[in-house]
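Protein chains: 2
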Amino acid sequence: MKKNSQTEADSRERILAAAVSLFARHGYGRTGFREIAAAAGVNLAMINYFFGTKKGLLKEILDIFFSGYVEIARKEMAGGGDFTARLERFIRAAVAYFAARRDYLLVTITELPHDDPEILEHKAAWGRRMVETMSGHICPGPACAPAMPPVVFCSMLTSMMASRFLFTPVMERVRPEVLSAVGLDDYAGMVSRVFLDGVKEMIGT
Amino acid sequence: MKKNSQTEADSRERILAAAVSLFARHGYGRTGFREIAAAAGVNLAMINYFFGTKKGLLKEILDIFFSGYVEIARKEMAGGGDFTARLERFIRAAVAYFAARRDYLLVTITELPHDDPEILEHKAAWGRRMVETMSGHICPGPACAPAMPPVVFCSMLTSMMASRFLFTPVMERVRPEVLSAVGLDDYAGMVSRVFLDGVKEMIGT
DNA sequence: CTTGCAATTAAACAAACGTTTAATCAATGG
DNA sequence: CCATTGATTAAACGTTTGTTTAATTGCAAG
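Chains A and B are the protein sequences, given in the same order. Note that the working numbering gives residue 33 to position 51 of the first sequence, counting from 1, and the numbers run on in steps of one. Note that the working numbering gives residue 142 to position 160 of the second sequence, counting from 1, and the numbers run on in steps of one.
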């Protein structure tokens, strides 16, 4: 039955690529199916055919982003080295992942605060997996009460790493030269230094 | 001519309050004027009457949030004390401001990455004022090249402070006890410690 | 009293929305 | 070769969208 698996994958993935790009640039709510279909070069009805509803399309985008993000946390935090070394590896890998999946990141972040019950349960399930993955490393042992709860740790670090991509359109109009001067590795390094050692020693004063 | 200044202010502000609340919960694109009008208890046409277009309504929301934010940066960073003391004051004041204007913050953040040219120029103008306000304090003197450019400094810190509010709906489903245990002052303290001193000493390992 | 102006209203506008339906296409397995 | 099946299509569905229009209300100044 997988005769047209070539074209099927093409259409499905072209829809997904067009949708995530338009959602990231114009917002989920303002992007219509006709616009997506035109950008993907497919018929309007194919979106419902492959994804069911608009929420189904959004859920798939969230799944793709979160699954990759959790997987990076699992892999990098479980490796060798002490806590700060592993955290530094994780930050570097996560920033690279954010850049590679920039549009997925932006859709996920901008849809985070919204309260659609169906989507919210989806985000919460992934949030639980992320916090569980990180908790063991932040706070080993049963009677450990760190100064910062893991759920705060995760959201704060995620926001820090995402800031560059959230602010990109504004940054390139405020300080265009900075955006091209500060590469991804530089940025990951800055996040690491701030998050691990603080900003005190980075700023001359 | 200002006869109905009482009811005028009432209607205009009720529209604004309803709009920012619905935008924050359901997203700008998914919120319709009829929904706003119903929540504000006014006639549908009053929204266009007071704000012109939907973009005009959004621009007013952005203006309100950014003007207050820039004003806090100006005031707290210009006060006495060394750099870290002023920065700590700013963080505390900004977090309190974010909490008081939570819905405005969420609308602003979620609309940040979108690329509507008209709105984008608006955001860029405020971004310039914010960066200018902070630049002098981060990097005094003409030949100062800090390890982190002011525009990166601003967006990273803003994202950190906003993380609690961006993630609130997810957090209260992942670790509901943490959200009630960690008050606003506690949270501001955590942001200060991480941003200034780093997370190394906060986590036992 | 009446002139004027801002606030408010109901009604309508065309356009765009997400979704569904039924028909057609293309290719594979029996 | 025929039956089956997934992919694709055009067309239409009823809502809902943001916005406009024209008429009405109610108060204040001349």
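Glycine included, C-beta positions come from ideal geometry on N, C-alpha and C. Remember, predicted model here, so these are calculated numbers, not experimental data.
- Check each candidate in Val156(B), Val160(B), Ala144(B) and name the one with the smallest Cα separation from Asp85(B). Per the Cα distances, Ala144(B).
- Burial state of Leu26(B), where buried means 16 or more other Cβ atoms lie within 10 Å: It is exposed - the Cβ of Leu26(B) has fewer than 16 other Cβ atoms within 10 Å.
- Task: Assign Ser3(B) to buried or exposed, taking buried as 16 or more other Cβ atoms, counted over all protein chains shown, within 10 Å of its Cβ.
- Result: Around the CB of Ser3(B), 16 or more other CB atoms lie within 10 Å, so the residue is classed as buried.
- Message: So the candidates are Ala81(B), Ser49(B), Arg71(B), Val89(B); which of them puts its Cα closest to the Cα of Leu40(B)?
- Response: Checking every option, the nearest Cα to that of Leu40(B) belongs to Val89(B).
- Task: Could you check the C-alpha separation between Asp98(B) and Arg(-4)(B) for me, to the nearest Å?
- Result: Whole-angstrom Cα-Cα distance: 26 angstroms.
- Taking the alpha carbon of Thr115(A) as the point to measure from, which residue in Arg16(A), Phe48(A), Asp168(A), Gly14(A) has its own alpha carbon closest? Here the closest residue by C-alpha is Phe48(A).
- Item | Interface residues of chain B facing Val77(A) [CB-CB closer than 8 angstroms] | In chain B, no part has a C-beta under 8 angstroms from the C-beta of Val77(A); the shortest such distance is about 12 angstroms.
- Task: Measure how close the beta-carbons of Ile73(A) and Ala0(A) come, nearest whole angstrom, since I'm counting them as under 8 angstroms.
- Result: About 31 angstroms separates the beta carbons of Ile73(A) and Ala0(A), which is beyond the 8 angstroms limit, so they are not a contact pair.
- Under the three-state reduction of DSSP, which class applies to Cys136(A): helix, strand or coil? Helix at Cys136(A).
- Task: Anything in the segment 142 to 153 of chain B with a Cβ closer than 8 angstroms to a Cβ of chain A? List those residues in chain order, please.
- Result: Residues of the segment 142 to 153 of chain B with a C-beta less than 8 angstroms from any C-beta of chain A: Met142, Ala144, Ser145, Arg146, Phe147, Leu148, Phe149, Thr150, Pro151, Val152, Met153, listed in chain order.
- Given a threshold of 16 other Cβ atoms within 10 Å of its Cβ, counted over all protein chains shown, does Pro158(A) qualify as buried or as exposed? Exposed.
- Query: Can you name the residues of chain A whose CB is closer than 7 angstroms to the CB of Arg68(B)?
  - Reply: Going along chain A, no residue has its Cβ under 7 angstroms from Arg68(B), so there is no contact; the nearest lies around 10 angstroms.
- Would you say Thr187(A) faces chain B, with C-beta separation under 8 angstroms as the test? Note on Thr187(A): pLDDT 46, under 50, position unreliable in the model; no value is reported.
- Who are the near neighbours of Lys(-15)(A) in its chain, counting only those whose CB is closer than 7 angstroms to its CB and skipping five residues on each side? Only weak support is given to the placement of Lys(-15)(A): the predicted model assigns it a pLDDT of 35, under 50, and the value that follows is read from those uncertain coordinates. Correct list: empty, nothing qualifies.
- Given a cut-off of 8 angstroms, decide if Pro128(A) and Val113(A) are closer than it, judged by their beta-carbon atoms. Between Val113(A) and Pro128(A), the C-beta gap is not smaller than 8 angstroms, which leaves the two residues out of contact.
- Message: Rounding to the nearest angstrom, what Cα-Cα distance links Met176(B) and Met138(A) in this structure?
- Response: One point to set straight first is that residue 176(B) is Val, not Met, in the sequence displayed. Spanning the two alpha carbons is a distance of roughly 10 angstroms.
- Below-8 angstroms beta-carbon distance, Asp(-8)(B) vs any chain A residue: Not one beta carbon of chain A lies nearer than 8 angstroms to the beta carbon of Asp(-8)(B).
- Between Gly109(B) and Val152(A), what straight-line distance do the alpha-carbon atoms span, to the nearest angstrom? Near 7 angstroms, if we compare the C-alpha coordinates of Val152(A) and Gly109(B).
- Message: I want to see whether chain B comes within less than 8 angstroms of Gln(-12)(A), judged by CB atoms only; does it?
- Response: Unreliable positioning characterises Gln(-12)(A) in this predicted model, as indicated by a pLDDT of 45, which lies under 50. A coordinate reading is not provided.
- Message: So Arg199(B) contacts chain A; which residues on that side make the cut at Cβ distance below 7 angstroms?
- Response: Residue 199(B) lies beyond the stretch modelled for chain B, which goes from -17 to 187, so this question has no answer here.
- Scan the segment 2 to 19 of chain A for residues whose Cβ lies nearer than 8 angstroms to a Cβ of chain B and list them as they occur along the chain. Here the close residues are Ala6, Arg7, His8, Gly9, Tyr10, Gly11, Arg12, Thr13.
- Message: Is Gly180(B) close to chain A? Criterion is C-beta to C-beta, closer than 8 angstroms.
- Response: Cβ-Cβ to chain A under 8 angstroms: yes for Gly180(B).
- Any contact of the segment 11 to 19 of chain B with the segment 8 to 17 of chain A, i.e. 3+ C-beta pairs under 8 angstroms? The segment 11 to 19 of chain B, when compared against the segment 8 to 17 of chain A, does touch it at the 8 angstroms Cβ threshold.
- Which residues in the same chain as Ala81(A) place their Cβ atom closer than 7 angstroms to its Cβ, once the five residues preceding and following it in sequence are excluded? Apart from sequence neighbours up to five positions away, the residues of its chain that approach Ala81(A) with a beta-carbon distance below 7 angstroms are Leu166, ordered along the chain.
- Item | Interface flag, Ala60(A) vs chain B, CB-CB below 8 angstroms | With its beta carbon at least 8 angstroms from every one in chain B, Ala60(A) lies outside the interface.
- Query: Does the beta carbon of Arg(-4)(A) sit closer than 8 angstroms to a beta carbon anywhere in chain B?
  - Reply: Not a single C-beta of chain B is nearer than 8 angstroms to the C-beta of Arg(-4)(A).
- Beta carbon proximity, Thr188(B) to chain A, threshold 8 angstroms: The structure shown does not extend to residue 188(B), since chain B is modelled only from -17 through 187, so no value can be given for it.
- Query: From which residue to which residue does the alpha helix (DSSP H) around Arg12(A) run?
  - Reply: Per DSSP, Arg12(A) belongs to no alpha helix (DSSP H) and is neither H nor E.
- Item | Counted within 10 angstroms of its Cβ, other Cβ atoms place Thr140(A) as buried (16 or more) or exposed | Result: buried.
- Item | 7 angstroms Cβ cut-off: residues of chain A touching Lys105(B) | Result: Val152.
- Distance, Arg83(B) Cα to Lys105(B) Cα: Taking the straight line from one Cα to the other gives about 17 angstroms.
- Enumerate in chain order the residues of its own chain whose CB-to-CB distance from Ala78(B) is below 8 angstroms, with the five nearest sequence positions on each side excluded. Hits under 8 angstroms: Leu166, Ala170.
- Message: Does Ser174(A) come out as helix, strand or coil in the three-state DSSP assignment?
- Response: Note: Ser174(A) maps to helix in three-state DSSP.
- Please check if any C-beta of chain A sits within less than 8 angstroms of the C-beta of Pro131(B). Yes, because at least one Cβ of chain A sits closer than 8 angstroms to the Cβ of Pro131(B).
- Item | Expected contact under 8 angstroms - CB spacing of Val173(B) and Met142(B) to nearest Å | The C-beta distance from Val173(B) to Met142(B) rounds to 5 angstroms, short enough to meet the 8 angstroms contact threshold.
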